[in-house]
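To start, the structure under review is shown below, and the notes come after it.
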Amino acid sequence: MGGDRRATAGNVIVTDRVDKVIELDATSLLAIAGVPATAFEMARVLETSFEYYRRSQLQTLSLPAKVRALARLLRENLPMTMQGVGVVMPLFAGVDQTVSPPQPQIYFYDPLGAQFHAVGYAASGSGSGTIRSILSFQDRYGQPRPTEMNLQQAVQFALRLLMIASEFDSATGGVNPQADTFATIKVLRGSGVEAILAGRQAELLKS
Amino acid sequence: MTEEPYRWLEAIGNRREYVREQLKGGSPVFAASLQEGILLLGVGTGHSKVFELFDRHALAGLGHPADIEKIRQAAIDAAHLEAFNRAPESVSLRRLVGFGLSPQLKTNFEQIFTAPFLVELLLTEVGGEPGQDLITRLHFDGAFQLHTKGIVVAASQPDSELAAQTWLNQMLAAKAGPGETVEVLLQAWWCLTEGKPFDGGLPSEAERRDGWRKAVNGRTVEVGRLVRKADRRARYQELSLGQLVL
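Taken in sequence, the protein lines are chains A and B. Count the first sequence with this note's numbering and you get residues 1 to 207, in order. Count the second sequence with this note's numbering and you get residues 1001 to 1246, in order.
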């Protein structure tokens, strides 16, 4: 899961140092797109409630329950969405523990809280139109397809996707390896989350 | 009317005696502040004795499972509420015990017409450096002691608890690794449960090693660790004896 670093207010760039991919717990990632104030608060609510459940009930919350927890927050945010000041369109990645070996799964949402299971890939946010087009092309005609990429290929691909998206969308940005600025990239495996920090992204890009 | 205070004192005394009697035979639990973090150990028979509370906090206890569960839930609720309303970094063991659990336990203990909590507890908070660790020994009546280093024991009988704690702190240097620490803690556990003395009559090391290995058959050895350095906020890890090469 990867994200750019830009936050905007209208046509003003507020910052190019936002982390939009948030580790909710050891097996859940949330990528946020939309209004940061609402999105970060949703992440905080989910982070606390997932960990609270795990510690108090001595078991992790199931993947469907996590997916619905986010859907419920989006539904509860409907008035703000309708007013046009609080829309959030996140991506969620969690691990399905009911299969062996456990498998990571991707979900995407509409602003009203409908949840969709993504097969292979998903994108959200202002730059997602460009990214989805490239992903779709790569998935159909590319070698390797996104699902067949190793870590190095996937990191290179994610960085290039975000840089291309920033050329078409002014609200996507903050990713420019030549200027030593990198994306937020986290890898979710059946065993847990690994953050690919800036130094590692630079290494993977060179090798 | 004049004799009422004396009745109350007697009732409290009886209550203390009753709790100690009920806790007799409880399996002791241990917490050790090490270089790499805090290690907690308990040996149970079906019911868990070692628990994660929050990012840097854990609990080990002996007593009635329902009472341990009530305290555990209260601690988890308070820690998560604090973390959500303020910040995860704001959750502190001193406040959790000093202003939360201890007053509740004391109030419960002094209400002589309600059932007392049958618990003896250890609560721990891992710090950035070994000297910043905190281990709290919390008693059924709300009394507590704070320790910033070494090994702390919670057992049903105060005398043997103190003897075991003194012996363990002499045996284990601060730089002992987790495997070595668990081995010695299990020896102390065996001595405590078998009523062996920690002074001149202490069984030999071979006897102690053999003793705990036989005694844990059919029981579950629970080892939890709060690691000092980690990428994730949640520092608690469960360890098996196999991982510790015992």
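Glycine is no exception: its CB is placed at the ideal position from the N, C-alpha and C atoms.
Interface with chain A (7 Å Cβ-Cβ cutoff): histidine 1057 of chain B is excluded. For arginine 1225 of chain B, the three-state secondary structure derived from DSSP is strand. Judged by their CB atoms, threonine 1124 of chain B and alanine 1074 of chain B are not nearer to each other than the 7 Å cut-off.
Between the alpha carbons of proline 90 of chain A and glycine 1218 of chain B lies a gap of roughly 48 Å.
At least one C-beta of chain B is nearer than 7 Å to the C-beta of tyrosine 52 of chain A. For a cut-off of 8 Å, the C-beta gap from valine 1019 of chain B to glycine 1224 of chain B is around 26 Å, too long to register as a contact. Between the alpha carbons of phenylalanine 1198 of chain B and lysine 1024 of chain B lies a distance of about 18 Å. Proximity of the segment 1107-1114 of chain B to the segment 1037-1048 of chain B falls short of the contact definition, fewer than three beta-carbon pairs being nearer than 8 Å.
Non-local beta-carbon contacts of proline 146 of chain A in its own chain, meaning distances under 8 Å to residues more than five positions away in sequence, involve Gly120, Tyr121, Leu135, Gln138, Asp139, Ala154, Phe157 in chain order.
With a 10 Å radius around the Cβ and a threshold of 16 neighbouring Cβ atoms, leucine 1081 of chain B comes out exposed. Distance check between glutamate 203 of chain A and each of A:Phe182, A:Pro104, A:Gly192, A:Ser191 places A:Phe182 closest, using alpha-carbon atoms only. If the five residues before and after alanine 39 of chain A are omitted, its C-beta is found closer than 6 Å to the C-beta atoms of Ile32, Val88, all from its own chain and listed in chain order.
B:Gln1165 is the residue among B:His1147, B:Thr1148, B:Lys1149, B:Gln1165 whose C-alpha sits nearest the C-alpha of alanine 1155 of chain B.
Of the residues A:Leu58, A:Pro104, A:Ser28, the one whose Cα lies closest to the Cα of alanine 69 of chain A is A:Ser28.
Taken in chain order, the members of the segment 1053-1077 of chain B whose beta-carbon sits within less than 9 Å of a beta-carbon on chain A are Leu1053, Phe1054, Asp1055, Arg1072, Gln1073, Ile1076, Asp1077.
By the Cβ-count criterion, proline 144 of chain A is exposed, with fewer than 16 other Cβ atoms from all chains shown falling within 10 Å of its own Cβ. Considering only beta carbons, the part of the segment 1226-1239 of chain B lying closer than 8 Å to chain A consists of Asp1231, Arg1232, Ala1234, in chain order. The Cβ neighbour count for asparagine 150 of chain A, taken over all protein chains shown within 10 Å, is under 16; the residue is labelled exposed. When the Cα atoms are used, serine 170 of chain A and serine 128 of chain A turn out to be separated by approximately 12 Å.
Taking the Cα positions, tryptophan 1190 of chain B is about 10 Å away from glutamate 1207 of chain B. Histidine 1047 of chain B is outside the set of residues whose beta carbon lies under 7 Å from a beta carbon in chain A. Sequence-ordered contacts of the segment 190-204 of chain A with chain B read Gly192, Val193, Glu194, Ala195 [C-beta pairs closer than 9 Å].
Proximity of chain A to alanine 1087 of chain B at the Cβ level (cut-off 8 Å) is not reached, the minimal Cβ distance being about 10 Å. As DSSP reads the structure, lysine 186 of chain A sits in a beta bridge with A:Ala195. Listed in chain order, the positions of the segment 1130-1154 of chain B with a beta carbon within less than 9 Å of a beta carbon of chain A would be empty, since no residue qualifies. Against chain B, the CB of arginine 55 of chain A has a partner CB under 7 Å away; the residue lies at that interface. Taking the Cα positions, glycine 1179 of chain B is about 11 Å away from leucine 1034 of chain B.
Residue state for alanine 1164 of chain B is assigned as helix, using DSSP reduced to three classes. Taking the beta carbon of alanine 26 of chain A as reference, the chain B residues within 9 Å of it are Arg1232, Ala1234, listed in sequence order. Note that the segment 42-61 of chain A does not touch the segment 5-16 of chain A; fewer than 3 beta-carbon pairs, one per stretch, sit closer than 8 Å. As computed with DSSP, isoleucine 22 of chain A is found in a beta bridge with A:Leu30.
Contact annotation for alanine 1188 of chain B against chain A: no contact, minimum CB-CB distance about 27 Å [criterion: below 9 Å]. Bounds of any alpha helix (DSSP H) do not take in proline 104 of chain A; it lies within the beta strand (DSSP E) bounded by 103-109.
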